[in-house]
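In my numbering, the protein residues as written are 1 to 337.
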Ligand code: LMR
């Protein structure tokens with residue numbers, strides 16, 4: 001081998017190794033992923049799955065730090081933190097976008113809008129889901145995926161079967177005007193409160209009841225401080241996985257691509273486990289013997305619907321008539337007579 005050929009060969013081997021060493025020497029890109037629920041929930045597990053996949057797919061060039069249970073921020077603060085770039089990723093519930101000024105998101109809070117999970121997905125996977133994400137862009141936020149939790153149930157220290165049972169009860173809600181109208185339509189007094197304060201508030205009697213999914217109830221030990229739960233399925237809880245737009249856009253393509261693929265897989269995983277996570281949690285709540293679970297009769301359920309349907313009309317001015325109509329079409333919702 002001539003000296004020139006030897007040198008060329010040596011360079012061909014050394015250069016990629018040097019590039020690899022340089023990449024390894026660089027500190028990893030850190031994605032702080034903050035959320036308000038327990039790790040053992042659909043969202044908690046989704047975040048963990050994203051972390052594992054993202055770190056593996058980027059060969060360690062990205063490190064995802066997951067902060068569950070409002071460790072870093074409470075509901076409202078986490079949105080501000082994302083906009084400021086103090087955290088890079090969140091998965092707030094869809095009810096949390098109204099206070100940000102993107103009121104159309106509150107369409108998801110309309111009572112009894114979804115007959116099943118597929119009806120919900122028809123919205124998020126379709127043009128309305130994409131349009132809602134577009135509305136986040138001027139806020140410096142990019143929407144990447146919708147994650148499911150499931151249908152909401154009601155809890156209190158008295159049985160909630162008839163609409164009249166709600167009279168005067170202080171019910172904790174997320175800060176959504178639709179949820180506010182929903183509780184008022186039932187005769188209750190809505191109280192906006194951060195998720196992390198819920199257990200204490202119920203325990204101390206600051207509020208009388210709440211709505212939520214079984215997985216959130218079980219992991220927050222709501223069954224220890226509420227004597228009754230009603231399987232009303234009147235509402236639906238889901239999330240938008242969002243990132244700081246500036247941060248996301250600044251990522252090199254060979255990092256963003258694998259992250260998007262990791263998120264797609266984590267999304268499929270989360271949406272696949274959500275229902276079973278809630279079923280398991282409900283069984284555990286029942287097994288605890290601390291709470292009585294009520295199933296509404298068809299007539300009782302009908303009475304809830306009758307009381308709550310006016311909320312759809314009442315909220316047209318806030319959520320947008322066209323948005324509600326688009327949601328109805330996608331979810332194949334028929335206004336009950
Ligand atoms: C809530 O505040 O009730 C929910 O947003 C909690 C959650 O699942 O994120």
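The beta-carbon is built from N, C-alpha and C at its ideal position, and this holds for glycine as well.
A quick note: this is a predicted structure, and the numbers were derived from the prediction, not measured.
Not one heavy atom of the ligand LMR sits closer than 7 Å to the Cβ of residue 204.
Linking residue 159 to residue 51 through their CA atoms gives a straight-line distance of about 41 Å.
For residue 258, same chain residues with a beta-carbon under 7 Å away, outside a window of 5 residues either side, are 57, 58 in chain order. Taking every protein chain shown into account, the CB of residue 337 has fewer than 16 other CB atoms within 10 angstroms, so this residue is exposed. Considering only 61, 174, 161, 218, the residue with the shortest C-alpha distance to residue 287 is 218.
Straight across, the Cα-Cα distance linking residue 305 with residue 26 is about 57 Å. Beta-bridge partners assigned by DSSP to residue 229: 155, 293.
When only Cα atoms are considered, residue 117 and residue 43 end up about 16 Å apart. For residue 57, the enclosing alpha helix (DSSP H) starts and ends at 42 to 57. DSSP, read as helix, strand or coil, puts residue 200 in helix.
When rounded, the separation of the alpha-carbon atoms in residue 256 and residue 141 is 16 Å. Under the Cβ criterion (8 Å, minimum of three pairs), the stretch 240 to 255 counts as touching the stretch 88 to 108. Rounded to the nearest angstrom, the Cβ distance from residue 155 to residue 210 is 6 Å, consistent with a contact under 8 Å. Here residue 187 carries a coil assignment [DSSP, helix/strand/coil]. Residue 94 is not a Cβ neighbour of residue 34, given a cutoff of 8 Å. For residue 217, the uninterrupted alpha helix (DSSP H) segment begins and ends at 214 to 219.
The residue among 322, 291, 232 with its C-alpha nearest the C-alpha of residue 127 is 322. Taking 8 Å as the upper bound for CB-CB distance, residue 324 and residue 223 are not in contact here, some 34 Å apart. Contact between residue 238 and residue 149 holds, since their C-beta atoms are separated by about 6 Å, short of 8 Å. In this structure, DSSP gives residue 33 an extended state, which the three-state scheme calls strand.
Taking each of 215, 188, 163, 184 in turn and checking the Cα distance to residue 170, the smallest one comes out for 188. Secondary structure of residue 93 (DSSP, three-state): strand. Per DSSP, reduced to three states, the secondary structure at residue 82 is helical. Between the beta-carbon of residue 111 and that of residue 296 there is about 14 Å, and that puts the pair past the 8 Å contact cut. Separation of residue 292 and residue 205 (C-alpha to C-alpha, rounded to the nearest whole angstrom) is 19 Å. In this structure, residue 160 has its beta carbon at no less than 7 Å from each heavy atom of the ligand LMR.
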